[in-house]
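**Student:**
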Amino acid sequence: MKLHHFDGELSSVARLFLSLSVTVIALASFLGAAGAVMGNMFLLKLHPYLFFIGFGNLAILILNRYLTAAIYPELKIDPSKQLRYIYAVLLSLVMITVAVSMDLPLLKAMTGLLLMIVVAGPLREIFTTLSIPKIWNEVSVRYYIFDVLFLLVANLGLFTLGLKEAFPDQKIIPFFVTQSSYFLGSSFPLSISVMGFLYTYAWSRSSKRELAKRLFSIWFYIFVGGVLLFLIVILAEYYLGMMLISHFLLFGVMGLLGSFAIYLYNFFHNKFHHPALAFLLSGLALLFATSGYGIMNIFFLKGIHFGTVPPLRFDRMWIYHSHTHAALLGWITFSFIGMIYIVIPSIVRSNSLETLRSATALSALLGEPVMNKAFKQLTVMLLSATAILLGFFLDNNLLLGVAGFCYGCSVYYLSFNLQHEMK
Numbered sequence: 009m010k011l012h013h014f015d016g017e018l019s020s021v022a023r024l025f026l027s028l029s030v031t032v033i034a035l036a037s038f039l040g041a042a043g044a045v046m047g048n049m050f051l052l053k054l055h056p057y058l059f060f061i062g063f064g065n066l067a068i069l070i071l072n073r074y075l076t077a078a079i080y081p082e083l084k085i086d087p088s089k090q091l092r093y094i095y096a097v098l099l100s101l102v103m104i105t106v107a108v109s110m111d112l113p114l115l116k117a118m119t120g121l122l123l124m125i126v127v128a129g130p131l132r133e134i135f136t137t138l139s140i141p142k143i144w145n146e147v148s149v150r151y152y153i154f155d156v157l158f159l160l161v162a163n164l165g166l167f168t169l170g171l172k173e174a175f176p177d178q179k180i181i182p183f184f185v186t187q188s189s190y191f192l193g194s195s196f197p198l199s200i201s202v203m204g205f206l207y208t209y210a211w212s213r214s215s216k217r218e219l220a221k222r223l224f225s226i227w228f229y230i231f232v233g234g235v236l237l238f239l240i241v242i243l244a245e246y247y248l249g250m251m252l253i254s255h256f257l258l259f260g261v262m263g264l265l266g267s268f269a270i271y272l273y274n275f276f277h278n279k280f281h282h283p284a285l286a287f288l289l290s291g292l293a294l295l296f297a298t299s300g301y302g303i304m305n306i307f308f309l310k311g312i313h314f315g316t317v318p319p320l321r322f323d324r325m326w327i328y329h330s331h332t333h334a335a336l337l338g339w340i341t342f343s344f345i346g347m348i349y350i351v352i353p354s355i356v357r358s359n360s361l362e363t364l365r366s367a368t369a370l371s372a373l374l375g376e377p378v379m380n381k382a383f384k385q386l387t388v389m390l391l392s393a394t395a396i397l398l399g400f401f402l403d404n405n406l407l408l409g410v411a412g413f414c415y416g417c418s419v420y421y422l423s424f425n426l427q428h429e430m431k
C-alpha cells in the first residue's frame, strides 16, 4: 500500500481504495482465524470492528460515491478530499484497535464521532447538490444515497455504544444499543449499495428495462422498509412480526436470486463469461443462506430478550455466527469484489467515470488471463466460505482457522490479479 506520491488523479484514489479494501478484509479474516485457533478473545472481538469500520466506511465513502457520481456528474469528485477520507478511516482503525485492546470505551465513542463527522461531509454535498425529486427519479441513486444515511446511523451506533460501555449505569442511552445491534446496523449500508449496483449494471440494461425499473422501485420500499420495520419488531420482541418479515424478505431474495441467475445465463450465452457477475450471483446465493440462518436464529431467539449476551444459547450460537459470517464474508464481500472488478478497472483505464456512464461498463475490460484467474479466485473463496460455515456447525476451531486463512488469502489475491490491469 503506497500512501505517498499522491498525484491528485482520480485513478490514484481508486488504486489506493483497492489496496486498502482487500487489506482490511484479509486482515479481519486472518485475525478471526487466528483468534479461533488460539482462543484469543481480543482477536475475536477486534476483527468484526476492523471489517465494519475499515471496509464499511471505505466502500461507502469511495466506491459508493463513484457509482452515484457516474449517474449524476454534478456530484463532482475531489480526489484530495477522498484521500482525506481514507486517512480518517485509517486513523479510526488505529483508534478502535487501541480502544478494544486497552478496554477504552470512550475512545471507541470518539471513533464513532470521528466517522460521523467524516460521513456528514459527502452527505451534505449530496443534499445540497441534488434535489429530493431528482434523487427519487433515479432508482439506483435511492439505494446509493440511503446507504450513506445508514452509514451515518451506524457510526452513531458506534458512538453511543462506546458511551454506554463507559457509563453502563446511565439510562439515557436506549437498551437496544449493543455490540450486536451495531454490527447488524453496519451491514445494511453495504447491502443496499449492492442492490443499486445490480439494477444499474444488470437489469436497467436488459430488454425489459421498464419492467425492471418498476420492480426495483418496489423492491427498494420492500427491502429498506422491511429492514427498518424488522429492527422495530426486534426491539419490541414481537416474535410473529419477526418471522413474517424475515420470511417475506427471504421470498424477495429468492426471486432476486432466480431472476439474476436467468439474466446471467443469457449474458454468458450471448456475450462472454464475466467474473464480476459470477461474484454477484455467488453473493446473492449467500444472501439466501444469510436469510435462512436468520430465520433459524429468530426461531431459537424466542424467549430471549434482545441485548442478552450471548444472543442465543451456547449450543445454538453456531446459527448466529453462521448468519453473520454468511452476510459479511459471503453476501457483502463477494458482491463488492464483483463490483470492484467492474468499477476500478473502468476508472483506472480512463482516469474518469466515463466508462461507468457508458453502455460498455460490462464489456471485456479485463484480459482473458485475469478473468480466468478471477473465476479461480471465486472458487477458492466459495470453498473457504463454505468451510467456515461448516466449521461453526461442527464447532471446529482448527477448520475455522484454516478456512479463514485461505479466505483471507483469496480476497487479497484481488490486488495481485488486477495489478497488471492497473499499469
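The opening position of the sequence shown corresponds to residue 9 in this note's numbering, with each subsequent residue numbered one higher.
Positions of the beta carbon are idealized from the N, C-alpha and C atoms, including for glycine.
Would you call Ala411 buried or exposed, if buried means 16 or more other Cβ atoms sit within 10 Å of its Cβ?
**Tutor:** Burial call: buried.
**Student:** Contact between the segment 332-350 and the segment 313-323: three or more CB pairs below 8 Å?
**Tutor:** No: fewer than three Cβ pairs fall under 8 Å.
**Student:** Let's test the definition: count the other Cβ atoms within 10 Å of the Cβ of Gly47 and tell me whether it reaches 16, buried, or not, exposed.
**Tutor:** With fewer than 16 Cβ atoms within 10 Å of its Cβ, Gly47 is classed as exposed.
**Student:** Let me know the secondary structure DSSP gives Lys381 once reduced to three states.
**Tutor:** Helix.
**Student:** If the criterion is Cβ atoms closer than 8 Å, does the pair Val108 and Phe50 meet it?
**Tutor:** Yes. Within cutoff.
**Student:** Assign Ile143 to one of three DSSP states: helix, strand, or coil.
**Tutor:** Here Ile143 sits in helix by DSSP.
**Student:** If we ignore side chains and look at the alpha-carbon of each, how far apart do Ile270 and Phe287 end up?
**Tutor:** Going from the Cα of Ile270 to the Cα of Phe287 covers about 15 Å.
**Student:** If I follow the unbroken alpha helix (DSSP H) through His428, where does it start and stop?
**Tutor:** Taken as a continuous stretch (DSSP letters only), His428 belongs to no alpha helix (DSSP H), as it is neither H nor E.
**Student:** Assuming the contact rule is C-beta atoms closer than 8 Å, Ile70 and Ala77 should be a hit. Round their C-beta distance to whole Å, please.
**Tutor:** 11 Å between Cβ atoms; not a contact.
**Student:** Under a three-way DSSP split, which group does Tyr301 fall into?
**Tutor:** It is helical.
**Student:** Assuming the contact rule is C-beta atoms closer than 8 Å, Leu198 and Gly64 should be a hit. Round their C-beta distance to whole Å, please.
**Tutor:** About 6 Å; that satisfies the 8 Å criterion.
**Student:** Please state whether DSSP places Tyr152 in a helix, a strand or coil.
**Tutor:** Of the three classes helix, strand and coil, the one that applies to Tyr152 here is helix, per DSSP.
**Student:** Between which residues of its own chain and Leu72 is the CB-CB distance below 8 Å, once the five residues before and five after are set aside?
**Tutor:** Looking at the sequence provided, one finds Asn at residue 72 rather than Leu. Closer than 8 Å at Cβ, skipping near neighbours: Tyr152, Asp155, Val156, Ser201.
**Student:** Do Val32 and Leu52 count as a contact pair if the criterion is CB distance below 8 Å?
**Tutor:** No.
**Student:** Do the CB positions of Leu408 and Ile396 come within less than 8 Å of each other?
**Tutor:** Yes, they are a contact pair.
**Student:** Are the CB atoms of Leu171 and Ala220 within a distance shorter than 8 Å?
**Tutor:** Taking 8 Å as the Cβ cut-off, Ala220 and Leu171 do not qualify as a contacting pair.
**Student:** For Leu402, does the count of other Cβ atoms within 10 angstroms reach 16, so buried, or fall short, so exposed?
**Tutor:** It counts as exposed.
**Student:** Using a threshold of 8 Å, state whether the C-beta atoms of Leu364 and Tyr74 are closer than that.
**Tutor:** Going by C-beta atoms, Leu364 is nearer than 8 Å to Tyr74.
**Student:** Within 8 Å (strictly less), CB to CB, does Val108 reach chain C?
**Tutor:** Of the protein chains in the structure, only one exists, and it is not chain C.
**Student:** For Arg324, which residues of its own chain have a beta-carbon under 7 Å away from its beta-carbon, when the five flanking residues on both sides are left out?
**Tutor:** For Arg324, where only same-chain residues beyond five positions count, the Cβ hits under 7 Å are Phe308.
**Student:** Does the distance from the CB of Ala41 to the CB of Gly346 come in under 8 Å?
**Tutor:** Against a cut-off of 8 Å, the Cβ pair of Gly346 and Ala41 comes out as no contact.
**Student:** What separation, rounded to the nearest whole angstrom, lies between the Cα atoms of Ser392 and Ala334?
**Tutor:** Each residue's alpha carbon lies about 11 Å from the other.
**Student:** State buried or exposed for Arg23, treating a residue as buried only when at least 16 other CB atoms are found within 10 Å of its CB.
**Tutor:** By the neighbour-count rule (16 or more Cβ atoms within 10 Å), Arg23 is buried.
**Student:** Does the segment 227-245 come close enough to the segment 253-265 to have 3 or more Cβ pairs within less than 8 Å?
**Tutor:** Touching, yes, given that three or more Cβ pairs across the two stretches are closer than 8 Å.
**Student:** Determine the closest residue to Ser37 out of Tyr421, Phe413, Ser423, Gln427, with distance taken between C-alpha atoms.
**Tutor:** It is Phe413.
**Student:** Under 7 Å Cβ to Cβ from Ser432, same chain only, skipping five residues before and after it: list those, please.
**Tutor:** An answer regarding residue 432 cannot be provided, because it is not within the stretch 9 to 431 covered by the chain.
**Student:** Inspect the beta-carbon positions of Tyr499 and Ala293 and report whether they are closer than 8 Å.
**Tutor:** Since the first residue shown for the chain is 9 and the last is 431, residue 499 is missing from the structure and cannot be characterised.
**Student:** If the criterion is Cβ atoms closer than 8 Å, does the pair Leu18 and Ile355 meet it?
**Tutor:** Yes; because the gap between Cβ atoms is below 8 Å, this pair is in contact.
**Student:** Counting C-beta neighbours from all protein chains within 10 Å, is the total for Arg222 16 or more, i.e. buried, or is it exposed?
**Tutor:** Counting Cβ neighbours within 10 Å, Arg222 comes out exposed, since fewer than 16 surround it.
**Student:** In this structure, how does DSSP classify Arg132 when only helix, strand and coil are distinguished?
**Tutor:** In this structure, Arg132 counts as helix in the three-state DSSP scheme.
**Student:** To which residues of the same chain is Ile303 closer than 8 Å at the C-beta, ignoring the five residues directly before and after it?
**Tutor:** So the qualifying residues of the chain are Met251, Ser254, His255, Leu258.
**Student:** List the endpoints of the continuous alpha helix (DSSP H) containing Ser27.
**Tutor:** That run of the alpha helix (DSSP H) goes 18-46.
**Student:** Report yes if the CB atom of Val149 is closer than 8 Å to the CB atom of Ile79, and no otherwise.
**Tutor:** It is a contact, given that the beta carbons lie within the stated cut-off.
**Student:** Just the Cα atoms here: how many angstroms apart are Glu218 and Pro353?
**Tutor:** Near 29 Å, if we compare the C-alpha coordinates of Pro353 and Glu218.
**Student:** Report the option in Phe231, Asn145, Ala96 whose CA atom is closest to the CA atom of Leu122.
**Tutor:** Selected option, being the one with the closest Cα: Ala96.
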